Every structure is written in structure tokens, then in C-alpha cells.
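Note that our numbering numbers the sequence shown so that position 168 is 228, with each residue one more than the last. Glycine included, every Cβ here is placed at the ideal spot set by N, Cα and C. Keep in mind it's a predicted model, so treat the numbers as computed, not measured.
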Amino acid sequence: MEHDAPPAPSHHAQDDGAVDDWARDDAEPSDRHAAPAEESPEAADAPAAPAPPAEGVNDIQSSLQSLELKTNAAAHEDVQMVADEEEEAKRHINLVFIGHVDAGKSTAGGQILFLSGQVDDRTIQKYEKEAKDKSRESWYMAYIMDTNEEERLKGKTVEVGRAHFETENTRFTILDAPGHKSYVPNMISGASQADIGVLVISARKGEFETGYERGGQTREHVLLAKTLGVAKLVVVINKMDEPTVQWSKERYDEIEGKMIPFLRSSGYNVKKDVQFLPISGLCGANMKTRMDKSICSWWNGPCLFEILDKIEVPLRDPKGPVRLPIIDKYKDMGTVVMGKLENGTIREGDSLLVMPNKTHVKVTGINLDEKKVRRAGPNENVRVKVSGIEEEDIMAANPIGAFTEFNAQLQILELLDNAIFTAGYKAVLHIHSVVEECEIVDLIEEIDMKKAKVTDPKKKKTKRKPLFVKNGAVVVCRVQVTNLICIEKFSDFPQLGRFTLRTEGKTIAVGKVVDVPPVGRSTFSA
């Protein structure tokens with residue numbers, strides 16, 4: 061399908077020039093491409109047009125798409141009659157398990173599903189036998205999350221596992237992210253959909269040190285989680301029952317003491333946004349119920365389920381513009397698109413605009429997990445069945461912008477072989493669910509973060525245009541991609557304005573979008 065020229069973004073507020081540490085902004089996570097919406101009286105008055113056959117799956121290019129809600133007033137009246145009856149009493153939260161390989165993420169996730177009644181005893185016995193036959197007795201809980209044979213043979217998560225459980229007040233979707241450095245792109249995909257992160261750390265002697273040292277995935281996962289908008293972290297010190305640990309308070313305090321400064325330097329407010337607790341993922345200690353004093357006498361805090369049930373996450377606006385980044389699609393009696401609804405509300409009968417190629421579609425069905433519903437609100441993982449509609453039946457209002465270049469504020473972490481970062485540098489861009497090759501075409505300004513935080517206007521930072529920068533630098537630069545991508549300025553919509561740069565399997569920079577081209581253009585040049 062040919063791509064039409066992208067529509068103009070709705071908000072184009074100028075960047076105020078104030079430099080803040082992007083990593084410390086309180087924001088939420090994100091997904092693929094998205095688009096906005098508002099009510100349209102014209103849509104209600106327009107004559108109903110016959111719907112043509114559903115768009116083919118191949119016509120919806122998920123690497124360059126987003127949905128825009130253009131509400132249909134008449135359909136809303138019908139849906140509103142049953143809205144109150146269908147509204148879920150429990151909030152929904154996406155929970156991503158992150159951490160170094162072999163920290164016990166899949167085992168902890170499997171134990172949660174078992175303790176919450178999602179897996180029965182017969183299934184557990186089956187997994188125990190399978191694990192024993194492979195001489196991997198301690199892996200059986202991980203089999204609940206690691207479902208394919210490759211993962212079970214290697215004992216390593218490769219894809220992002222997905223499962224569901226409930227506590228008293230909350231419905232959770234578990235995203236089990238891979239820990240191995242070879243699968244960091246998959247981890248990014250999982251973290252970009254998450255509201256809360258559970259950082260799993262192994263207390264076993266030597267395992268914590270391996271993950272924490274330079275090059276370990278504990279460090280990289282924390283940085284990526286913050287960059288991708290995981291605002292709250294629950295740090296679980298796992299394998300406390302291991303023979304080299306035996307619920308040692310000294311070992312727990314040692315790990316907590318090393319992690320707190322690192323989490324703080326990564327942008328987390330440790331007092332407000334981070335909670336530590338000891339667990340055993342294998343035997344389930346301190347997970348659903350509080351710690352038995354006969355096992356661990358010194359722990360007086362809550363268990364994992366209590367923390368997750370009470371944790372506060374930033375609220376999304378159900379009445380705001382719709383942002384549904386598409387992460388996957390398939391054909392099932394029509395076209396079905398999948399993603400996390402970041403903002404706004406979608407109802408059956410609503411008219412949507414797929415961006416940036418301006419494909420007009422109509423919502424014919426909505427599913428939350430396996431449950432069919434008439435509407436869905438923010439934070440929900442949805443499957444939306446859509447069919448094509450006539451162009452005259454929709455009035456495009458406030459669509460998201462689609463661009464091939466943007467200005468960004470970057471924090472350089474660690475370049476390969478101490479290389480220099482200059483115009484012409486190429487990397488792989490990960491922004492919400494989009495993965496695109498990119499090139500740095502201009503270094504606009506290097507920022508001295510020490511001076512940037514000085515409030516005295518007489519001591520205000522001086523701008524200087526660098527030829528190159530090195531590790532640790534903060535720089536404003538222009539980033540260019542080949543294909544149109546749907547993005548927002550971080551100040552307008554954080555979920556679609558934060559990103560990472562990676563090259564040769566390593567994260568070399570994290571950043572945020574600070575400016576986009578003018579209305580109606582995909583580039584800054586005329």
C-alpha cells in the first residue's frame with residue numbers, strides 16, 4: 061500500500077529550552093505507533109456508508125502504524141447504554157520481569173501463576189517430570205513461563221513470555237523478559253509495554269556479582285527500564301534459600317547497599333519509586349503470604365503480592381486522545397491489530413485512522429485477553445478487530461505526526477571501543493515498539509549538566525556546537541531514519557518520545573525527542 065503524506069501533529073508547542081535530566085522525568089511506558097482522537101459531530105451526521113471488505117493484513121505495516129480514534133457519536137450512544145455494566149472494577153497493570161540471565165525471573169513468574177491459581181497441581185507435576193527427565197529438576201517452575209522447547213532445553217528465556225493473574229484489587233499481565241545479552245531487543249519490547257518492573261537479583265554467591273559488574277545485564281536492564289518509562293521498580297532478592305545464602309541478612313544488606321546508589325544514579329527516586337524484598341522463587345517464600353519467621357526471622361516487611369497490589373502507577377487519561385501502538389496483527393474474519401492502549405478509550409463502532417499511511421478503519425470487535433468487551437480504556441492490552449470504511453465517513457482531527465527526522469537530547473553511555481560520537485554515526489533506534497536503523501546527521505549542542513541545573517540566570521549554561529562527543533556526554537543532535545515513524549515530543553507525550561540507541565548488541569545511548577519538524581512536513585528542511 062502506498063503511503064500518503066503524513067498529517068500534521070496536533071500539538072506543536074515549542075521546546076522551552078530548559079534542560080532537565082530526561083531519566084528523572086516521571087513518565088509511563090510506550091509501544092509502537094499511535095494516534096489520537098476527539099469527538100466529531102460530523103461523523104454522527106454523515107450517512108452510513110457500506111463497509112468494503114476488511115483491509116488485508118499485509119496492507120497494515122506494523123512497523124509504521126498507529127491508530128487514531130475519530131469517535132462516532134451515534135455508536136457511542138449505543139455503547140454507553142452498557143458501559144457501566146461492563147466496566148472492570150479492578151485496575152490493570154503490565155508487569156515486566158527483568159534482570160541478569162539465570163537470576164530466576166521465569167521461575168518467579170511461574171511461581172506467581174501457581175500461587176494465584178492459574179496453574180493446577182497436575183500441570184506442575186507434569187513439568188516436574190519433564191524437568192527431571194532433562195536433569196534440570198529446579199527448572200520446573202520456569203516451564204510455566206518458558207513454553208517453547210528451545211527455552212526449556214537452554215534454560216534461557218528467548219521471547220517475551222506473557223501470562224495473567226489477579227490480586228485483590230488488580231489484574232496483572234506478566235511480561236517475562238529475556239535476561240541474556242543476545243536477546244536485549246526482546247527485553248526492550250517487553251519493557252516498553254510495562255507499568256511496573258520487577259528486577260530479579262540472584263543472592264547466590266557469585267551470581268549477583270556477575271550481573272552487577274560492568275557488562276552484566278542487571279545494570280543494562282535497569283537503565284533500559286528507566287529509559288523506556290518503567291517508573292516503579294520492585295527489587296526482589298531471589299534465591300535467598302540457596303545453600304550459600306541461607307536467608308542471610310548480611311548478604312541481603314550487601315546487595316541492597318550496592319544497588320541503591322546505582323538505582324539512584326540511573327534516575328530512580330529510591331525512597332518513592334523502589335521497594336526491596338527477599339524471596340525464594342522456587343519455593344514461593346515471601347511471595348503470596350508474608351515470610352514465616354521460622355524461615356527468616358529478620359524480615360518484617362510485606363510480601364510480593366502485597367507490594368504489587370498497593371503500588372501506585374501514573375494515571376492515564378481515558379478521555380484524552382487515543383494512542384494505540386500496534387505491536388502485532390493477524391487475520392481472523394477480518395484484520396485484528398494488537399497493542400497496549402496508552403491513552404484514551406476505544407469503543408465498538410469507533411472510526412480509527414492507521415498512521416502514517418492514513419488507512420481508515422472501523423472497530424468491529426474488542427478483546428481484553430480472551431474476553432470480548434464493548435470498550436477498553438488506558439493501560440489495557442487489547443486486540444481490536446477492524447474493517448475498512450469509506451474516507452468520507454471520517455474527518456481526521458488531531459492525528460499523530462509521522463517523521464523521518466527529529467531532534468533529540470542524548471545521554472551517551474558507553475561507545476564501542478571508546479569511539480567518538482559525531483555526525484555520520486549510525487545505530488539502531490528503539491522508540492516505543494519501532495526498531496529502525498538511524499544516522500546522526502548533526503550535533504547541535506553539547507550540554508553541561510552541572511551548569512544546566514544552576515538556577516541563577518547569570519550563570520546560565522552557554523551553548524556550544526561540538527564536532528564530536530565522548531562517553532558520558534549529554535548532547536542535542538538531529539537523528540534521521542529512512543522510513544516514516546510516528547513519534548511525539550517527550551514534553552507532549554512521554555510514551556512516544558523516549559528511545560535507546562544500540563549498536564552491535566550494546567546500548568550506547570538513551571534519549572528523548574525534544575523537537576519535530578513543522579506541521580505538515582516529515583523533515584526540518586523545506
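In terms of alpha-carbon separation, which member of the options lies closest to residue i?
{"i": "LEU375", "options": "ASP388, LEU401, LYS389, THR395", "result": "LEU401"}
{"i": "TYR328", "options": "GLY257, LYS370, PRO362", "result": "GLY257"}
{"i": "PRO381", "options": "PHE553, VAL179, SER176", "result": "PHE553"}
{"i": "GLY159", "options": "LEU293, TYR390, THR349", "result": "LEU293"}
{"i": "ILE386", "options": "HIS492, PRO338, TYR187, THR227", "result": "HIS492"}
{"i": "VAL494", "options": "ASN543, PHE481, ILE507", "result": "ASN543"}
{"i": "VAL529", "options": "GLU314, ILE500, ALA285", "result": "ILE500"}
{"i": "LYS318", "options": "ALA285, PHE584, GLY271, LEU368", "result": "GLY271"}
{"i": "MET393", "options": "SER585, THR424, ILE480", "result": "THR424"}
{"i": "GLY448", "options": "PRO438, VAL421, THR183, LYS432", "result": "VAL421"}
{"i": "GLU564", "options": "SER585, LYS486, VAL539", "result": "LYS486"}
{"i": "ILE367", "options": "LYS379, GLY484, ILE339, TYR390", "result": "ILE339"}
{"i": "GLY461", "options": "LYS353, GLY276, VAL579", "result": "VAL579"}
{"i": "THR227", "options": "TYR187, GLN253, LEU173, LYS391", "result": "LEU173"}
{"i": "ILE480", "options": "VAL539, SER325, ALA533", "result": "ALA533"}
{"i": "LYS391", "options": "VAL444, LEU284, LEU413", "result": "VAL444"}
So, for residue i: in the same chain, excluding its five sequence neighbours on each side, which residues have a beta-carbon less than 8 Å away from its beta-carbon?
{"i": "VAL7", "result": "The structure shown has nothing for residue 7, since the chain only spans 61 to 586."}
{"i": "ASN531", "result": "ILE472, LEU473, GLU474, LEU475, ASN478"}
{"i": "VAL139", "result": "Residue confidence for VAL139 is low, a pLDDT of 43 falling below 50, so the modelled location carries little weight; the figure read from the coordinates is stated next. Cβ neighbours of VAL139 beyond the five flanking positions: ARG407, GLU408, GLY409, ARG434, ARG435."}
{"i": "ARG524", "result": "GLU505, GLU506"}
{"i": "GLU440", "result": "HIS152, LYS400, LEU401, LEU428"}
{"i": "LYS332", "result": "none"}
Which residues bound the beta strand (DSSP E) around residue i?
{"i": "PHE463", "result": "462–472"}
{"i": "HIS420", "result": "419–428"}
{"i": "SER411", "result": "411–415"}
{"i": "VAL260", "result": "256–262"}
{"i": "ASN360", "result": "From DSSP, ASN360 is part of no beta strand (DSSP E); its letter is neither H nor E."}
{"i": "LYS379", "result": "Per DSSP, LYS379 belongs to no beta strand (DSSP E) and is neither H nor E."}
{"i": "ASP388", "result": "384–391"}
{"i": "ASN441", "result": "441–448"}
{"i": "VAL161", "result": "Looking at the DSSP string, VAL161 is not in any beta strand (DSSP E), and its letter there is neither H nor E."}
{"i": "THR405", "result": "Unbroken run through THR405: none, as it is neither H nor E."}
{"i": "THR542", "result": "534–546"}
{"i": "VAL433", "result": "431–433"}
For residue i, collect the residues of the same chain with a Cβ closer than 6 Å to its Cβ; drop the 5 residues on either side in sequence, then sort them by chain order.
{"i": "VAL536", "result": "GLN469, ILE504, GLU505"}
{"i": "ASP21", "result": "Any question about residue 21 goes unanswered here, given that the chain covers just 61 to 586."}
{"i": "GLU548", "result": "LEU556, GLY557"}
{"i": "PHE463", "result": "VAL576, PRO577, SER582"}
{"i": "VAL573", "result": "PHE466, ALA468, ILE547, LYS549, PHE550, GLY557"}
{"i": "VAL570", "result": "THR287, GLN471, THR560"}
{"i": "GLN178", "result": "PHE225"}
{"i": "ARG350", "result": "CYS363"}
{"i": "GLY341", "result": "GLY164, THR167, ALA168, GLN171, ASN298"}
{"i": "LEU259", "result": "ILE158, GLY159, LEU293, VAL295"}
{"i": "VAL541", "result": "THR464, GLU496, CYS498"}
{"i": "SER585", "result": "none"}
{"i": "PRO378", "result": "THR405, GLY437, PRO438"}
In terms of residues, what are the limits of the alpha helix (DSSP H) holding residue i?
{"i": "TYR272", "result": "267–272"}
{"i": "LEU364", "result": "364–370"}
{"i": "GLN171", "result": "165–175"}
Roughly how far, in whole angstroms, is the beta-carbon of residue i from the beta-carbon of residue j, given that I think they are within contact range, below 8 Å?
{"i": "ASP273", "j": "THR567", "result": "The sequence shown places Glu at residue 273, rather than the Asp named in the question. The Cβ separation is near 16 Å, so there is no contact."}
{"i": "LEU175", "j": "GLY344", "result": "6 Å"}
{"i": "MET347", "j": "PHE336", "result": "15 Å between Cβ atoms; not a contact."}
{"i": "LYS150", "j": "ARG231", "result": "5 Å"}
{"i": "ARG562", "j": "VAL488", "result": "5 Å"}
{"i": "VAL282", "j": "VAL156", "result": "12 Å between Cβ atoms; not a contact."}
{"i": "TRP307", "j": "ILE371", "result": "At roughly 25 Å, the Cβ-Cβ gap does not stay under 8 Å, so TRP307 and ILE371 are not in contact."}
Please list, in chain order, all residues of the same chain as residue i whose beta carbon is under 7 Å from its beta carbon, the five residues on each side excluded.
{"i": "ARG311", "result": "ALA263, VAL305"}
{"i": "ILE315", "result": "ILE261, ALA263, PHE268, ILE297"}
{"i": "THR278", "result": "GLY159, HIS160, ILE261, GLY271, TYR272"}
{"i": "THR482", "result": "LEU503, LEU527, PHE528"}
{"i": "ILE320", "result": "VAL330"}
{"i": "LYS309", "result": "TRP358"}
{"i": "ASN403", "result": "ARG376, ASP377, GLY380, PRO381, VAL382, ARG383, PRO438"}
Does any C-beta atom of chain D lie closer than 7 Å to the C-beta of residue i?
{"i": "GLY271", "result": "You won't find chain D in this structure, because it holds only one protein chain."}
Ranges of the beta strand (DSSP E) found wholly within the region 476–509, counting only runs of at least 3
486–491, 494–507
At which residue ranges does the region 287–354 contain complete beta strand (DSSP E) runs of 3 or more residues, listed in the order of the chain?
292–298, 334–338
Which complete beta strand (DSSP E) runs does the region 548–572 hold, if anything under 3 residues is left out?
Counting whole runs of 3 or more residues, the region 548–572 contains the beta strand (DSSP E) stretches 558–563.
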